[in-house]
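In UniProt numbering, the protein residues as written are 1 to 227.
What follows is the structure in structure tokens.
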């Protein structure tokens, strides 16, 4: 008899010890209200707050207590101010455990974000389009050097000296030297412009431009071009 009584006491002690361990273990779980940095949409709020804490009363199955049904996004959005107020003062859920700190934080975060039905992830930030390179000035087209040697080589020799050189010196004009050309520069300019010289051939547009540009530049003996 004494042995049976002792076993009963030991059994009861074990049961109470187990309960105390469960209570102690549960109380060690801290709800700090941390909901992370992610975005919150209606589906999350429904699954974590409304479904477990509200729909027992505020649904068709629950009788839509107080004339409130929170089964759809539109219904919840219409009651958003009342939901926030009653959750803040713990008057809802009625006669049940209040929302945890995390559930309140989740609900408030969703409401503060405008109570969106859905959210989309932020689109990836595109790298800025690089600025186009600055416009480069057009490359200068460099023509023949404006000096006597160039003019003699490209114009006078092939177009003038067949007549205006020793020994013929047609018309009493010799154009073999720089000084001789310079002495006749006005006649050279006039006959080239009116096309009367040379007589047996014509200057190309490039040759005509070269000698006229040279004369316009003062008929320099040496190049005036900067290195």
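The C-beta atom is built at its ideal place from N, Cα and C for all residues, glycine as well.
Predicted, not measured: the structure shown is a model, and the values here were computed from it.
Between the C-alpha atoms of residue 215 and residue 133, what's the straight-line distance to the nearest angstrom? Their backbone Cα atoms lie some 41 Å apart in a straight line.
Please report the distance separating the alpha-carbon of residue 206 from that of residue 143. Distance between the alpha carbons of residue 206 and residue 143 is about 10 Å.
What's the C-alpha gap between residue 221 and residue 173? Looking at the two C-alpha atoms, the distance is approximately 19 Å.
Determine, for residue 62, whether the minimum Cβ-Cβ distance to residues of chain D falls below 9 Å. In the structure shown, chain D does not exist; there is a single protein chain.
Whole-Å CB distance - residue 146 paired with residue 213, under 8 Å assumed: About 6 Å separates the two Cβ atoms, so the contact holds.
So, do the segment 108-128 and the segment 51-70 have three or more beta carbon pairs nearer to each other than 8 Å? Judged by Cβ distances under 8 Å, the segment 108-128 makes no contact with the segment 51-70, as fewer than three pairs qualify.
Can you tell me which of 125, 200 and 128 puts its alpha carbon nearest to the alpha carbon of residue 162? The option with the nearest alpha carbon to residue 162 is 200.
Is it buried or exposed for residue 89, if we count other Cβ within 10 angstroms and need 16 for buried? Around the CB of residue 89, fewer than 16 other CB atoms lie within 10 Å, so the residue is classed as exposed.
Between the beta-carbon of residue 48 and the beta-carbon of residue 106, is there less than 9 Å? Yes, these two residues count as a Cβ contact at 9 Å.
Euclidean distance between Cα positions of residue 111 and residue 104: The C-alpha of residue 104 is placed about 11 Å away from the C-alpha of residue 111.
Pick out whichever of 44, 72 and 113 has its Cα sitting closest to the Cα of residue 55. Checked all of 44, 72 and 113; the closest Cα to residue 55 is 72.
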